[in-house]
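Encoded as structure tokens, the structure appears first; notes follow it.
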Amino acid sequence: MPARNVRAARNGPRRRIGEVAGAAGKLRSGPRPGGRCVGLRAARPRAYGRMDRMSLFRDDGIVLRTQKLGEADRIITLLTRNHGRVRAVARGVRRTKSKFGARLEPFSHVDVQFFARGAELVGRTLPLCTQSETIAAYGSGIVTDYARYTAGTAMLETAERFTDHEGEPAVQQYLLLVGGLRTLARGEHAPHLVLDAFLLRSLAVNGYAPSFDSCAKCGLPGPNRFFSVASGGVVCGDCRVPGSVVPSSEAIGLLGALLTGDWAAADACAARHVREGSGLVAAYLHWHLERGLRSLRYVEK
Ligand SMILES: [Zn+2]
């Protein structure tokens, strides 16, 4: 019965597994026969005090960050497929024998069950993360290599910065992150190229798509020589504003290739043009994020 509910909820659009009515004491006694509650044993409602309504959610997500909480617990920040960015408390995960905790490390793609107070996953109190299963442990292919690790860290930070509002779905950003970490972990392309492709596409899905061909202001077909962060990419001679720079055509070509996924062209680009392109991406990103990324300065170019 519970297993069927879980499947039904995963296939359904809202992904809410069930709501449980009753006081905390009832929850501790476990699911009643025929009840709709699933996996309540792992939750510890007593820490939340009196409750009158609890909900279970299931979603998959990438672990962005973990923070210590008390002696043995952690706050896990995830970018989930259906609920956007979510913070949740994982209890007991810092004990050395916790397999549950080992699964909830940054870069991990996990299938998670949440236990939340009220009818919404993101509310006044943090939900509890009660179960998790690994979908893909990208961390093993990332943390052992310095260039991959710094690029991956910048990707996680970017994903967090672009998902300001907790609980607000950001499916495209989520899919970009999953794809980017997979590519990074497999070592298919140079880590800083994977990072720059991710940064450009993150800007694009968040409404800041830079133009690398036609003029960002008047639409004059490319190639256009001038690049202006404030104008949104390359601009023509008539539209150029003070502060516009003139990058090499190779660097502009590289950024266009990264944005559209032309990896053959991107992989063939010379190192100095790659560095030049990275500088433009960083400038463009900083302009739109207001604050720069802390992790970007550690990325090896
Ligand atoms: Zn123009």
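By the numbering used here, the letter at position 184 of the sequence shown is numbered 170, and the numbering carries on one by one without gaps.
For every residue, glycine included, the Cβ atom is placed at its ideal position computed from N, Cα and C.
Computed from a predicted structure; not experimentally measured.
So for Arg71, helix, strand or coil by DSSP? strand
Any residue whose CB is nearer than 5 Å to a heavy atom belonging to ligand 1, listed in chain order: Cys201, Lys203, Cys204, Leu206, Cys222, Cys225
Are the beta-carbon atoms of Phe43 and Phe100 separated by less than 8 Å? yes
Nonlocal neighbours in the same chain, by C-beta distance under 6 Å from Ser281, ignoring five residues either side: Thr139, Ala140, Glu143
Find the nearest neighbour of Val260 within the set Phe198, Leu167, Gly239, Leu279, judged by alpha-carbon distance. Gly239
Does the distance from the C-beta atom of His322 to that of Ala137 stay below 8 Å? Residue 322 lies beyond the residue range present for the chain, which begins at -13 and ends at 287; the question has no answer from this structure.
Nearest-angstrom Cα separation, counted from Arg39 out to Val285: 46 Å
Sequence-distant residues of the same chain with beta carbon closer than 6 Å to Thr66, five excluded per side: Asp45, Gly47, Val72
Quick one: give me the first and last residue of the beta strand (DSSP E) that Asp59 is part of. 59 to 66
Straight-line Cα distance separating Leu107 from Gly21: Per-residue confidence for Gly21 stands at a pLDDT of 34, beneath the threshold of 50, marking its modelled position as unreliable; no derived number is given.
Under three-state DSSP, which class holds Gly219? strand
Among residues of its own chain, excluding the 5 on either side of Asp199, which ones have a beta-carbon nearer than 8 Å to its beta-carbon? Pro207, Gly208, Pro209, Asn210, Val220, Gly242
Report all residues from its chain with a CB closer than 7 Å to the CB of Pro155; omit the five preceding and five following residues, and keep chain order. Asn68, His69, Gly70
Option in Leu167, Tyr270, Ser264 with minimal Cα separation from Ala123: Leu167
Could you name the residues of the same chain whose beta carbon sits closer than 8 Å to that of Val227, not counting the 5 residues immediately before and after it, in chain order? Ser214, Ala216, Ser217, Val221
Spell out the partners DSSP gives Ile121 in its beta bridges. Paired residues: none, contrary to the question.
With a cut-off of 8 Å on the beta carbons, I'd call Cys115 and Ala74 a contact; round off their distance for me. 4 Å
Which residues in the same chain have their Cβ closer than 6 Å to the Cβ of Gly127, if we skip the five residues on either side of it in sequence? Ala171
If distances are taken between C-alpha atoms only, which option among Phe212, Ile121, Trp249, Ala268 comes closest to Arg283? Ala268
On the DSSP bridge list, what partners appear for Leu90? In DSSP, Leu90 forms no bridge with anything.
Test item: CB-CB of Thr63 and Arg51 under 8 Å: yes
Please determine, among Leu189, Leu181, Glu119, Gln117, the residue with the shortest C-alpha to C-alpha distance to Thr149. Leu189
Using DSSP bridges, identify the partner residues of Ile48. Leu65, His95
Ordered list of alpha helix (DSSP H) runs contained in the stretch 231 to 276, each at least 4 residues: 235 to 246, 249 to 253, 257 to 275
Considering only C-alpha positions, which residue in the set Ser41, Thr120, Asp97, Gly125 is nearest to Pro113? Ser41
Residue burial classification, Cys204 (beta-carbon count within 10 angstroms, cutoff 16): exposed
If I measure Cβ to Cβ from Cys225 and keep anything under 6 Å in the same chain, skipping five residues before and after, which residues do I get? Cys201, Lys203, Cys204
Below 6 Å CB to CB, which residues in the same chain sit around Ala251 once its five sequence neighbours on both sides are set aside? Ala243
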